[in-house]
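For the sequence shown, the residue numbers in this note's numbering are 3 to 85. Each residue gets a CB set at the ideal place from its N, CA and C atoms; glycine is no exception. Remember, predicted model here, so these are calculated numbers, not experimental data. Structure record follows, encoded as structure tokens.
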Amino acid sequence: MKKETRNLLMKKLLTICPICGKQIYGRDIDITNIDLSKISKWPFRYTHCHSNRSNPMHAVTLYLDSNFAVRGKEISEFLKIQD
3 MKKETRNLLM
13 KKLLTICPIC
23 GKQIYGRDID
33 ITNIDLSKIS
43 KWPFRYTHCH
53 SNRSNPMHAV
63 TLYLDSNFAV
73 RGKEISEFLK
83 IQD
């Protein structure tokens, strides 16, 4: 993917979290570090975890197509991340 395309995707509003209303941009999912050669099937799943003052940690799983447009999303309010 060209550098200009990646830079535009970093600024692109992908979706809004239905739980807390956070606007999720390409930079929030670190789009520049996604290795496209490792994606074998489109749309691919990307899970974005976040929290804010009024909402505990929760996750939005995004289904992204080859143009990085969101084709679907799922919410997970219960989340455990282990080291």
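Asked                                                                                : Found
Same chain only: Cβ atoms within 8 Å of S56, ignoring 5 sequence neighbours per side : C22
Endpoints, the beta strand (DSSP E) within which R8 is located                       : Note, R8: premise wrong, no beta strand (DSSP E); alpha helix (DSSP H) at K5 to K13.
Alpha carbon of K13 to alpha carbon of H60, nearest angstrom                         : 23 Å
Backbone CA spacing between L81 and C19 [nearest angstrom]                           : 15 Å
Straight-line gap, I26 to N69 (C-alpha atoms, nearest Å)                             : 16 Å
K75, DSSP secondary structure in three states                                        : strand
Contact check, K75 vs T34, beta carbons under 8 Å                                    : no
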